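One point on numbering: in UniProt numbering, the residue at position 307 of the sequence shown is 307, and numbering is uninterrupted.
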Amino acid sequence: YDASVKIPSGVITGNYQQLGNYDECLQVKSGHGFTGKACSTTVNFEIAKDNGKPRQPDIGDLLLNVAIASGYTKWKSGRSVNYEWMWCVPSSCNITDIQEAVELGLDPLKVEDRVDIVINVSCRTAETDQSVFDVTDWIYISTLAIFVVIIIASTGYDIAKQGHLNKKYILLTSFSIYTNGKNLLKTDRRHDSIECLDGLRYISICWIIYGHTHYTEAVGVKMNLNEIPQMHINWANMFVLNGNIITDTFFLISGVLMAYTILIKNKKSSRDQFDVISLYVHRYLRLTPAYAMMIGFYATLFYKVSSGPHWDQWVGANRDYCRENWWLNLLYLNNYIHLPRICMSQSWYLATDMQLVWLSPIFLYPMLKFTREIFFWLVFALGLVISILIPFLITFCLRLNGTMLYYKNNTDLANVYIEIYTKVYSRYGSYIIGLALGYLLYKNRSRVLKIRLIYITFGWLVAAVSGFFIFICPRWMYFDDHRYNELEASFYAGFHRQIFALSISWLIFCCVHGYGGFVNQFLSWKGWVPFSKLTYSAYLCHYVFLLLEAGSVRTAGTISTMSILRSFFSNLCLTTLLSILWTLCFELPFMTLDQTFFSHRQSQSKLISKPNQEKIFGSTDSGKEIYRSTEESSAAITRDSEDAFNQKSSKDSMYDQDLKSDDKDDKCPFIFVIEAERDNSWAQLKNVHQNSGFDEDSDETFNRTKTEERIDCNYGSDRS
């Protein structure tokens, strides 16, 4: 009796969940063969509209009319109200017994044709709280043990061989905490990097964590839940209520980096072919290892970390979903198949991002292959129109809300989430805007753009107002007197993500070209670099602490700005610590392996003569083969292939430069000297003028050209 719920206070203000004393109930022991059982009873009151039929009023009618007339409760015609009460009963009682007892007690509240009551019961005992390991758990534990052994061995070898490591032993140190830790803490950037993205990326992940923290707090056990539906009255809260749009920042950044890095690699590489398969494999290997280990944690050990009245509801459900649908996550199809039972609720983003990469060649191919830019811009315009049209039509035909309206109708919220929010066609607009921005940044990377101050000011003003409007616009949709309008909702659904992406694109463009001012100084601060590297692991890990807190809560609290901020900063700190561990153990090691694998493939492919080269001098005694380009070009791009894959700075590459003829009439075909070495397996490219005195039978001339970086064929260097 003492552990069970009593008549609570604050029911009118939203104190709908009474959990009693959960731990006291489970500690009850009896000498008569039973123990305490904590049973959570969820009671749903379905309130229908008055049909106008004459009836004899009873106590139920009186209570209902008073509740509706008060205007302060959730008791409204056409709505449902949920209450949760925890009862401590003997373990010998079954769920049916409890349902019948609760139904009997609530019978006076039933009103014919007005109020219907649905009761659901779930129970936990001390035995169910005990950790029992099954085969799946032991498989994951064994996998973790293997990783621990590999990491310890790799770190020890790395420390022992400091200063004496050869490149061919890089695989042995790829799991080294020492090396990976140094790389994580480095604040150096490549010369061609987009510096402002570091700050933008980390601020965006903090915003996402804050939004998810706010949501789990709002749907948790609180005494003042009635205040939550009134949040929209304060317009500043719209930056949280409509904060889901911030995920489009990541889609935009993903598109920018995809186009920008692909174009730079294509410029610096001697290969003309766009390798789509390598793009897909590289992306999969980049994301999946850390992702798979987190899925395994959700499916096994996470459930055994703690317990609580809502542990099964929050953590147990995720465990079951991950055990059922883990393969959908690894195939990146979980945003389309079995979406209501998705493993890791935030993982829809990873699936959508991967699918956007699958579709990216539609835009990358025109960038790389067509000399006339009009072809790319036509494809871009078509893709942008499609990204607007599909959400518009789906919203219009299904009569959906224009965005995720929290704390309104749960059915509408779920429909928008399933049909629009998680789908690739809804996010494609932000991604292709990012591709276009990356293309523009690449084309203008060596130019100093002179833009008049009035245009810069106008651009910043339009971007700021547009972004602000996109956040605030759905505010009036929250008001009870707002009448649904299909066109209003459809236009917002079709355009708001693209407008927001364009606003952020202007910010990035200005920061890159020197018009960002203090915004660029803030976002480009080197201190953001290590935190930016943690973004992916932070996105994977942050929900662990949200679920842990929501599932283990024992008593009702109050929701306020201060309580949410406390939860946010504690979650952010814990997420940072776990993401550091996850990055060092499961992300950076596989990035190193991925780079090594692709570097080897690229170096091997360069040992094969290309169709536009002909062998003109045969081979030398040292194992070198001499080729001449059949194209009469006035420029050549040379690069160490291993550095090209690792995307190192050009100052680390001996031959990373463009050569350009000062005399347009002097055609100077290039001869490529390709050195195939058994140990290194990569190509070194040198530029040799055909009139430099090189002779096939002259060892002296050959030895002279070996020691030269290039023969100065009256060419001036011009860095792109």
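Positions of the beta carbon are idealized from the N, C-alpha and C atoms, including for glycine.
Quick caveat, the model's predicted, so the values are computed rather than measured.
- The closest CA to that of T403, considering only I432, Y484, L435, is found on Y484.
- Ranked by how close their Cα comes to the Cα of S426, the residues L364, A381, H496 have H496 in first place.
- The segment 234 to 253 makes contact with the segment 197 to 217; the number of CB pairs closer than 8 angstroms reaches 3 or more.
- Measuring C-alpha to C-alpha distances from W85 to each of G527, I98, N410 identifies I98 as the nearest.
- Short of 7 angstroms from the beta carbon of I295, and not among the five residues preceding or following it, lie these beta carbons of its own chain, in chain order: C322, W326, N329, C343, M344.
- By the criterion of a C-beta distance shorter than 7 angstroms, I564 is surrounded in its chain by T213, H214, E217, once the five residues flanking it on both sides are discounted.
- Residue range 535 to 552 is occupied by the alpha helix (DSSP H) that includes S537.
- Between the segment 33 to 48 and the segment 568 to 575, the count of Cβ pairs shorter than 8 angstroms is below three; the stretches do not touch.
- In the DSSP assignment, F586 falls outside any alpha helix (DSSP H), carrying neither H nor E.
- Minimum Cα-Cα distance from S466 among the listed residues S503, Y349, L350 corresponds to S503.
- For K443, the enclosing alpha helix (DSSP H) begins and ends at 424 to 443.
- In the structure shown, G36 adopts extended strand secondary structure according to DSSP, grouped into three states.
- Straight through space, the alpha carbons of H191 and F522 are spaced by roughly 19 angstroms.
- Annotation: the continuous alpha helix (DSSP H) that includes S254 extends over 247 to 268.
- Secondary-structure assignment with DSSP links V43 through a beta bridge to Y83, I119.
- For F469, the enclosing alpha helix (DSSP H) starts and ends at 453 to 472.
- Checking the DSSP bridge columns, you'll see C88 partnered with A38.
- The Cβ atoms of L584 and G156 do not sit closer than 8 angstroms to each other.
- For the pair L287 and V28, the Cα-to-Cα distance works out to about 47 angstroms.
- Look at the beta carbons and you see the segment 503 to 520 not touching the segment 409 to 416: under three pairs across the two are nearer than 8 angstroms.
- Rounded to the nearest whole angstrom, the C-alpha separation of I277 and L378 is 25 angstroms.
- Only residues of its own chain outside the window of five on either side were considered, and among them F568 have a CB closer than 6 angstroms to the CB of Y210, listed in chain order.
- With fewer than three CB-CB distances shorter than 8 angstroms, the segment 346 to 357 does not count as touching the segment 365 to 385.
- Apart from the 5 residues on each side of it in sequence, K533 sits with its Cβ closer than 8 angstroms to the Cβ of L184, T583 in its chain, given in chain order.
- In this structure, the beta-carbon distance from S505 to D312 does not fall below 8 angstroms.
- Distances from the alpha-carbon of D594 to those of L19, R283, L197, L263 put R283 closest.
- Distance from the CA of K265 to the CA of G459, rounded to the nearest whole angstrom, comes to 31 angstroms.
- Under DSSP, T125 takes part in a beta bridge, and its partners are K37.
- Spanning the alpha carbons of R554 and F302 requires a straight line of approximately 19 angstroms.
- E100 counts as exposed, since fewer than 16 other C-beta atoms from the protein chains shown sit within 10 angstroms of its C-beta.
- A Cβ-Cβ distance of about 4 angstroms is found for the pair K526 and T187, placing them in contact under the 8 angstroms criterion.
- Restricting attention to alpha helix (DSSP H) runs no shorter than 4 residues, the segment 322 to 388 encloses them at 348 to 359, 361 to 369, ordered along the chain.
- According to DSSP, G181 shares a beta bridge with no other residue.
- DSSP, reduced to helix, strand and coil, places Q27 outside both helices and strands of the structure shown, so it counts as coil.
- Nearest neighbour of P309 by Cα position, chosen from L547, T561, R566, turns out to be L547.
- Here S307 really is in contact with D129; their C-beta atoms are around 5 angstroms apart, less than 8 angstroms.
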